[in-house]
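S.K.: Could you have a look at this structure, given as structure tokens, before my questions?
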Amino acid sequence: MKLFKLSSIILLILIVFQHKLIAETPHYVDFKFILNQSEAGKKAQTFLKSKLDKGIKKLKDKEKKLQEEEKKIIEQKKVISQEEYKKKVTDLRNKVSSLQKERNTLLNSVAKQRTKARNELLKNLNPIIKDYMSEKKIRMVIDKKNLLLADESLDITKDITDLLNKKLKSIKLD
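In structure tokens, the structure reads:
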């Protein structure tokens, strides 16, 4: 009878501790998925890709014109004076340099807007995760990229993405 009581107490203690361990199990979120697949994230990516594509198209058109100008200068080399030739080459180099600066400006602008979009998404995501954690009594959420292995049932990415989609439809980037 004593053995039965002792085993019952031990079983009760194990159940209590097991429940406590389960309640403290960290859950995880795939932030990359949320940033790329949420409605606001997709719209931001589409906008930035479009801006980059348009900018690159303009730069390629200017590059073609500069290549044509270079061919004309080379063809005129023997016809025009040495001074005139040097002046045209210097002018062409300045235009090429300007084109490179324009390309760098475009890339920096898109990179800044991408960072701004990411920060805006994360700013809106943190309160959503906090509310979700308090509602579901979760004590810790970690990023999926920091995991080696985890049970799929601990992944709350879909829930968080749905909540973000309800709260944030798009991000203003202009």
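In my numbering, the protein residues as written are 54 to 227.
No residue lacks a Cβ here, since even glycine has one placed at the ideal position from N, Cα and C.
With burial defined as no fewer than 16 other Cβ atoms inside 10 Å of the residue's Cβ, what is the status of residue 182: buried or exposed?
M.R.: Position 129 of the sequence shown, counted from the start, is the residue given in the question as residue 182. Buried, because 16 or more other Cβ atoms sit within 10 Å of the Cβ of residue 182.
S.K.: Pairing CB atoms from the stretch 173-188 with CB atoms from the stretch 84-94, are three or more of them under 8 Å?
M.R.: Judged by Cβ distances under 8 Å, the stretch 173-188 makes contact with the stretch 84-94, as three or more pairs qualify.
S.K.: Going by C-alpha distance, which of 98, 105, 83 is nearest residue 158?
M.R.: The residue labelled residue 158 in the question sits at position 105 within the sequence shown. Measuring from the Cα of residue 158, the nearest candidate turns out to be 105.
S.K.: Is residue 82 buried or exposed, if buried means 16 or more other CB atoms sit within 10 Å of its CB?
M.R.: By 1-based counting over the sequence shown, the position of residue 82 is 29. So residue 82 counts as buried.
S.K.: Please look up how many angstroms separate the CB atoms of residue 170 and residue 224, rounded, as I've assumed it's under 8 Å.
M.R.: The residue given as residue 170 occupies position 117 in the sequence shown. The residue given as residue 224 occupies position 171 in the sequence shown. Sure, about 5 Å apart at Cβ, within 8 Å.
S.K.: Taking the beta strand (DSSP E) that residue 196 falls in, what are its first and last residues?
M.R.: Counted from its first residue, the sequence shown places residue 196 at position 143. Start and end: 194-196.
S.K.: For residue 101 versus residue 123, is the C-beta distance shorter than 8 Å?
M.R.: Translated into the one-based positions of the sequence shown, residue 101 becomes position 48. Translated into the one-based positions of the sequence shown, residue 123 becomes position 70. In this structure, residue 123 does not lie closer than 8 Å to residue 101 by Cβ.
S.K.: Give me the Cα-Cα distance between residue 73 and residue 85, rounded to the nearest whole angstrom.
M.R.: Counting from one through the sequence shown, the residue named residue 73 turns up at place 20. Counting from one through the sequence shown, the residue named residue 85 turns up at place 32. Confidence at residue 73 is low in this model, with a pLDDT of 48, below 50, so the placement of that residue should be treated as unreliable; the coordinate-derived value is given next. Distance between the alpha carbons of residue 73 and residue 85: 30 Å.
S.K.: For the beta strand (DSSP E) containing residue 132, list its first residue and its last residue.
M.R.: Numbered from 1 along the sequence shown, position 79 holds the residue referred to as residue 132. No beta strand (DSSP E) holds residue 132; DSSP gives it neither H nor E.
S.K.: Between the Cα of residue 119 and the Cα atoms of 109, 107, 140, 149, which residue gives the shortest distance?
M.R.: As a position in the sequence shown, residue 119 is number 66, starting the count at 1. When only C-alpha atoms are compared, the closest one is 149.
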